[in-house]
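First up is the structure itself, then whatever we jot down about it.
What follows is the structure, given as structure tokens:
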């Protein structure tokens, strides 16, 4: 039996997206965004949604670039803090001890300590309401060598990425393997009439 | 030490998004999308990316509506199948045994067996390249009563939603609790200078 809960945001889980930007003066900032995700395979694009009130907003508009940094669970506190404080009155790098590294490809800094970094050139900007969606073309992915498996794919256990559950505002680890995508469901073909 | 892997899509994990649509004749279809996510808090919006070649694409353009259905792990095979087969030559409902239910609010069907359903009115359409991003305004959320905790919030363990890991194309369960968002990182404020 289903209950209607109204027009609200309830989804399952999402990756935690930490956005890296420079401001007008070249000061690096980082900010944790709840709303983000891949938008297109070709060109490879990722979107993040920011409120105009955030300090990072102007940085993206100005520099037409940002990075998306994906943390490991051992940086859950630093990541959470980056979503609480504002770069307007805080140096989040100094507060957390994280290190801004300059991207050689786009005009934005990335988090040296995080295992996965997407370097993005601003591709589209979409005003939606409270949030503006910035869609970046991923020009390069940087990955920590120690979390790469064979054939340079991600070893998700070594990466130890974590999740944000929007409905209840909690962080969770990634759990046990359930199955191989584009494969585990193939059996239904046999049942077709 | 970081390795550059080029312009590709590697992220952590994402919810599995199953999109429900009607075609021109009113035949319901469902399709699993890898790329999706919340875009805006107000109005509450969710985006899903579809290739023009999919059967669902025309359904959204025609009906200006879709549902986003979030499955539990016990339907991982049905969900995977919905991303393999095409509604052009397959009745995925019949093949999987899932039940299309008509939304009373938007012109789209939802999956009766899935625990969480977002009923969406098409809000924006964005051509990006291989994929088109459809952004829907969430006009209502339907949740299975049995997975709601106190105060009608989601009990993520009862929901048993699962994840898709794009880089390696696997499904995983949601793992153990790590901490409370907008809270666990607050301690860094004390360290500020």
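Chains as they are written, first to last, in this note's numbering: chain D, 1 to 193; chain Y, 194 to 386. Ideal placement from N, C-alpha and C gives every residue a C-beta, glycine not left out.
Item	Value
Residue 201 of chain Y at chain D interface by Cβ criterion, 8 angstroms	yes
Close Cβ partners of residue 83 of chain D (< 8 angstroms) along its chain, the five nearest in sequence each way excluded	31, 32, 33 and 34
Residue 56 of chain D, DSSP secondary structure in three states	helix
Chain D within 8 angstroms of residue 243 of chain Y, Cβ atoms only	no
CB contact check: residue 144 of chain D to chain Y, cutoff 8 angstroms	yes
Minimum Cβ-Cβ distance from residue 194 of chain Y to chain D less than 8 angstroms	yes
Where the alpha helix (DSSP H) through residue 351 of chain Y begins and ends	349-352
Residues bridged to residue 210 of chain Y (per DSSP)	Y:226
Proximal chain D residues relative to residue 280 of chain Y, where beta-carbon distance stays under 7 angstroms	Correct list: empty, because the minimum Cβ distance to chain D is about 13 angstroms.
Contact set for residue 305 of chain Y: own chain, Cβ-Cβ below 7 angstroms, skip 5 residues either direction	292 and 294
8 angstroms contact criterion, which residue 331 of chain Y and residue 315 of chain Y should meet: CB distance rounded	About 12 angstroms separates the two Cβ atoms, so there is no contact after all.
Cα-Cα separation, residue 91 of chain D to residue 142 of chain D	24 angstroms
Pick from D:116, D:183, D:187 and D:45 that is closest to residue 144 of chain D, judged by C-alpha positions	D:116
Three-state secondary structure (DSSP) of residue 114 of chain D	coil
Straight-line gap, residue 386 of chain Y to residue 344 of chain Y (C-alpha atoms, nearest Å)	The predicted position of residue 386 of chain Y is uncertain, since its pLDDT is 47 and thus under 50; no value can be drawn from it.
Contacts that residue 230 of chain Y makes with chain D (C-beta to C-beta distance below 7 angstroms)	14, 35, 36 and 37
Among D:171, D:109 and D:47, nearest to residue 23 of chain D - alpha-carbon criterion	D:109
Residues that residue 361 of chain Y bridges to, as DSSP identifies them	Looking at the DSSP assignment, residue 361 of chain Y forms no beta bridge with any residue, so it has no partner.
Cβ neighbour criterion (16 or more within 10 Å) applied to residue 159 of chain D	buried
Range of the contiguous alpha helix (DSSP H) that encloses residue 78 of chain D	76-84
Spatial neighbours of residue 55 of chain D in its chain, beta-carbon cut-off 8 angstroms, leaving aside the 5 residues before and after	23, 29, 31, 86, 87 and 88
Contact list for residue 366 of chain Y against chain D, beta-carbon separation under 9 angstroms	174, 175, 176, 177 and 178
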